[in-house]
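One structure below.
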Amino acid sequence: MRVTNISPGPRFLHAQGQARLLEPGETAELELSATEAASARQQVEAGVLALAEPPAVAGPRVVHRGFGRHYVVGPGGEVLAGPMSKEGAAAELARLGQEG
């Protein structure tokens with residue numbers, strides 16, 4: 019589930035049993051259990067989170083999937099690299115961009 023924090027302050031979301039801090043305006047793609055997804059939907063209904071559409075990009079992008087795990091995924095959703103840190107994923111994305 020892709021969500022964006024639209025509240026004025028940071029929000030904690032639980033993903034895979036671990037807390038994930040979402041700063042105002044930050045978007046994250048999270049793998050949620052059924053209970054966690056229900057909680058996120060309640061926060062959407064309360065107006066503090068918004069469901070985010072997947073970005074319309076033609077090339078690879080960095081995706082956050084849970085606490086501290088970042089992946090480089092292709093346009094079809096296939097994992098090209100990861101898990102790694104946010105910085106490592108950004109470097110790998112830049113490397114892939116130079117190859118293509």
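In the working numbering, the protein residues as written are 19 to 118.
By construction, the Cβ of each residue, glycine as well, lies at the ideal position given by its N, Cα and C atoms.
Keep in mind that this is a model prediction, so the values were computed, not measured.
Keeping to the same chain, check which residues put their C-beta closer than 6 Å to that of residue i; ignore five residues upstream and five downstream.
{"i": "residue 102", "result": "88"}
{"i": "residue 114", "result": "78"}
Please state the DSSP three-state secondary structure of residue i.
{"i": "residue 34", "result": "coil"}
{"i": "residue 46", "result": "strand"}
{"i": "residue 59", "result": "helix"}
Rounded to whole angstroms, what is the Cα-Cα separation between residue i and residue j?
{"i": "residue 32", "j": "residue 106", "result": "24 Å"}
{"i": "residue 112", "j": "residue 99", "result": "12 Å"}
{"i": "residue 104", "j": "residue 85", "result": "11 Å"}
{"i": "residue 65", "j": "residue 42", "result": "13 Å"}
{"i": "residue 61", "j": "residue 110", "result": "33 Å"}
{"i": "residue 94", "j": "residue 80", "result": "13 Å"}
Going by DSSP, what residues sit across from residue i in a beta bridge?
{"i": "residue 99", "result": "90"}
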